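A.B. asks: Residues in the sequence shown are numbered consecutively from 1, following the UniProt record's numbering.
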Amino acid sequence: MQETQTEEKKKAEGRFSSELFSWGESLMTVLIFFVVVFTFFVRLIGVDGTSMYPTLEDHSIMLVSNLNYTPEKGDIVVLRKEGFYGDQPIVKRIIATGGDTVDIDPVTGDVLVNGEALDEPYIAEKINTLEKMGDMTYPQTVPEGCIYVLGDNRNYSTDSRWSSLGMVDERYILGHVLSVVYPFSAFGSVA
């Protein structure tokens, strides 16, 4: 009788060990999957500052990808330019790409690309032309392989209007924003 109880106890311990090993194996598979996905396909990057308000808020967390990405006007991108903002990633909207001509109307604060004023429902307010025109002269033609970027919060953004950033080489783009993942109230794609 004692032998039967001992055998049953050993079988139970074996089942427990087998289940524990199975759980551990599953956890390792999931962990490896996430490491591969977040290393090679997408990144989570946080917003630092209000330059993209109201589209993105300070401390928002975004899902960003650079997989087969070609910059297009209107895209929100994360980029890093050596010597700018302490070499930290910044988030801006692409206004123009290589070959486009950018101008800012000094009276209205409208941004013009190739002579046409942009319809920008996403901005906080138009550029304060008395204080926030930057140190660049206009019109500017964007060199091939570069982009011209602005923050959506135009009067509180250091962007391509300032020579410290200027035109940005496309190779500095870390990726484009796919969606906001935090705060949960803003979860989803960005426009």
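We put the beta carbon where it would ideally sit given N, CA and C, even for glycine.
In this text the structure is predicted, and so the values were computed from the model without any measurement.
1. Who are the Cβ neighbours of K126 in its own chain at under 8 Å, not counting the five residues just before and after it?
2. Rounded to the nearest angstrom, how far is the Cβ of L174 from that of L79, given a contact under 8 Å?
3. Count the other CB atoms within 10 Å of the CB of V168; is the residue buried (16 or more) or exposed (fewer)?
4. Is it true that the CB of T101 sits closer than 8 Å to the CB of N114?
5. Using a Cβ-Cβ cut-off of 6 Å (strictly less than) and excluding sequence neighbours within five positions of Y53, which residues of its own chain qualify?
6. Judging by CA-CA distance, which residue of S26, D75, V64, P121 is the nearest neighbour of I147?
7. Leaving out five residues before and five after P143 in sequence, what residues of the same chain have Cβ atoms less than 7 Å from its Cβ?
8. With C-beta atoms as the reference, is S157 less than 8 Å away from S60?
9. Whose C-alpha, out of M62, T29, Y122, is nearest the C-alpha of G151?
C.D. replies: Reading it off the structure:
1. Take K126, set aside five residues on each side of it, and the residues of its chain with a beta-carbon closer than 8 Å to its own are T108, G109, D110, R154, in chain order.
2. 6 Å
3. buried
4. yes
5. A124, N153
6. Residue D75 holds the alpha-carbon nearest to the alpha-carbon of I147 among S26, D75, V64, P121.
7. G98, M167
8. no
9. Y122
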